[in-house]
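Trainee: Can you keep this structure in mind? I'll have questions shortly.
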Amino acid sequence: MEVLDEGFIRSFIRMADDGWKQGWHERNGGNLSYRLTPADVNAIEDVLSAIEAQRWESISDEGAALALRDIAGEMFLITAAGSYFRNITLEPERCMGIIEVDDAGLRYRIRWGFADGGRPTSELPTHLLNHSVKKRVSDGRIRVIYHCHPANINALTFVLPHSGAVFTRELWGMISECAMVFPEGVAVVEWMVPGSIDIARASAKEMEHCNVVIWVHHGMFCAGEDFDSAFGLMHTVEKAAEVLVKVRSMSGGCECVSRITDQNLADLADAYDLDLTPAELAL
Ligand code: 13P
Ligand code: ZN
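Under the numbering used here, think of the first position of the sequence shown as 174, with each following residue one higher.
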């Protein structure tokens, strides 16, 4: 069987193409990764063992300071640095590949894909740190990490204070379903150099307690158990951001005549047994 026929690979490609169609991936913007299940690895084992594994590389220049023991030995399907999501349906073996993390969680090597000398995304440290945290805090359930550049959430980072609580309350207030889709809220990471270990560490710290991390003047990271939930979460947050941008644009700084109130959120929390934090509700 062809690797490209595997269900997890097809779902990965479909999600990347969906993100492209949403307009979230200009040029090479954004990246996506998926932690393979043992069944996924079994299904492609013959193909992998027939390919000569490449040499081990450090996950980060920080070397031993970044030992990701929680994901030691795991395999990941991940997009290639500089690749365009627009092209993933046409050239999947160039736009993505499979990597394996070593037993110490320090290095990785390419096992499949990244045709013509490609390599994993420049945001590899953030993806792997996030996977490491998410595997631990979700008892292994979270397998997808997704980064893209949606315009509305980015626009809001120019006008809202860079506070997770403020973004959370504003976004919950835009669409009734938001508090149900992301009851743990969103986090905001200040502007930092993309691809750096600092932004990876800052993001992973926030991933300890939520599944959405906004990068100021850049984009967003989401985590999900599967492709549908990661994509759906990104879609919901960006839709709420779009409503907020429209409302602010229409109202020209005036008070809105209607809003989702703290009481409405408290009623939602009661009805759906949500753990909405009081600090955010009180804003
Ligand atoms: P890559 O092309 O290396 O994945 O980088 C895109 C990006 O969005 C960086 O933040
Ligand atoms: Zn980016």
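C-beta: ideal position from N, C-alpha, C; glycine also.
Given a cut-off of 9 Å on the beta-carbon distance, is the pair residue 404 and residue 188 in contact?
Mentor: Against a cut-off of 9 Å, the Cβ pair of residue 188 and residue 404 comes out as a contact.
Trainee: Give the secondary structure of residue 315 by DSSP, where H, G and I count as helix, E and B as strand, and everything else as coil.
Mentor: The answer is coil: DSSP assigns residue 315 none of H, G, I, E or B.
Trainee: Helix, strand or coil: which one does DSSP assign to residue 361?
Mentor: The answer is strand: DSSP assigns residue 361 an E or B state.
Trainee: The ligand 13P and residue 211: does the residue's C-beta get closer than 8 Å to at least one heavy atom of that ligand?
Mentor: No, the beta carbon of residue 211 sits no closer than 8 Å to any heavy atom of the ligand 13P.
Trainee: So residue 192 is in the beta strand (DSSP E); what residue range does that whole segment cover?
Mentor: Taken as a continuous stretch (DSSP letters only), residue 192 belongs to no beta strand (DSSP E), being part of the alpha helix (DSSP H) at 180 to 194.
Trainee: Name the residue from 313, 402, 366, 370 whose alpha carbon lies nearest to the alpha carbon of residue 319.
Mentor: Out of 313, 402, 366, 370, 402 has the C-alpha closest to the C-alpha of residue 319.
Trainee: Nearest to residue 312 by CA position, among 243, 285, 424, 450, is which residue?
Mentor: Nearest of 243, 285, 424, 450 to residue 312, Cα basis: 243.
Trainee: Look at the alpha carbon of residue 448 and the alpha carbon of residue 213, and state the distance between them as a whole number of angstroms.
Mentor: If I take the Cα positions, the gap works out to 34 Å.
Trainee: Taking all protein chains shown into account, decide if residue 364 is buried (16 or more other Cβ within 10 angstroms of its Cβ) or exposed.
Mentor: By the neighbour-count rule (16 or more Cβ atoms within 10 Å), residue 364 is not buried but exposed.
Trainee: Does the Cβ of residue 307 have 16 or more other Cβ atoms within 10 Å, making it buried, or fewer, making it exposed?
Mentor: Answer is buried; the Cβ neighbour count reaches 16.
Trainee: Per DSSP, residue 393 forms a beta bridge with which residues?
Mentor: BP columns for residue 393 point to 321, 387.
Trainee: Which residue marks the beginning of the beta strand (DSSP E) containing residue 210, and which one marks its end?
Mentor: Segment: none, residue 210 is in no beta strand (DSSP E) and carries neither H nor E.
Trainee: Would you say residue 252 and residue 206 are within 9 Å of each other, going by their C-beta atoms?
Mentor: Yes.
Trainee: Taking 8 Å as the threshold, find out whether the stretch 208 to 224 comes into contact with the stretch 326 to 337 through three or more Cβ pairs.
Mentor: No, the stretch 208 to 224 is not in contact with the stretch 326 to 337.
Trainee: So the candidates are 338, 321, 438, 290; which of them puts its Cα closest to the Cα of residue 406?
Mentor: For the residues 338, 321, 438, 290, the minimum Cα distance to residue 406 belongs to 321.
Trainee: Among 353, 272, 292, 182, which one has its Cα closest to the Cα of residue 450?
Mentor: With distances taken between Cα atoms, residue 450 lies closest to 353.
Trainee: Going along the chain, which unbroken runs of the alpha helix (DSSP H) with 4 or more residues stay wholly within the stretch 219 to 278?
Mentor: Counting only runs of 4 or more, we get 265 to 268.
Trainee: Using only Cβ atoms and a threshold of 7 Å, which residues come within that distance of a heavy atom of the ligand 13P? Order them by chain position.
Mentor: Spelled out in chain order, the answer is 201, 202, 203, 204, 252, 254, 255, 256, 294, 295, 296, 320, 322, 367, 368, 391, 392.
Trainee: State yes or no: is the C-beta of residue 323 within less than 9 Å of the C-beta of residue 411?
Mentor: In contact: residue 323 and residue 411 (Cβ atoms closer than 9 Å).
Trainee: Following a CB-centred definition, is residue 364 positioned closer than 8 Å to any heavy atom of the ligand NAP?
Mentor: Only the ligand 13P and the ligand ZN can be found as ligands here, which leaves the ligand NAP out of the picture.
Trainee: Is any heavy atom in the ligand ZN found nearer than 8 Å to the beta carbon of residue 193?
Mentor: Checking the Cβ of residue 193 against the ligand ZN gives no.
Trainee: What residue from 368, 420, 384, 176 has the CA that sits closest to residue 343's CA?
Mentor: Closest option to residue 343, Cα to Cα, is 420.
Trainee: On the CB-based measure, 16 or more other CB atoms within 10 Å of its CB, does residue 361 come out buried or exposed?
Mentor: Burial call: buried.
Trainee: In three-state DSSP terms, what is residue 460?
Mentor: Because the chain here runs from 174 to 456, residue 460 falls outside it and cannot be looked at.
Trainee: Among 356, 279, 435, 442, which one has its Cα closest to the Cα of residue 234?
Mentor: Checked all of 356, 279, 435, 442; the closest Cα to residue 234 is 279.
Trainee: The alpha helix (DSSP H) with residue 405 in it runs from where to where?
Mentor: 400 to 424 is the extent of the alpha helix (DSSP H) around residue 405.
Trainee: Just reading off the alpha helix (DSSP H) that residue 372 is part of, what are its end residues?
Mentor: Segment 370 to 380, the alpha helix (DSSP H) holding residue 372.
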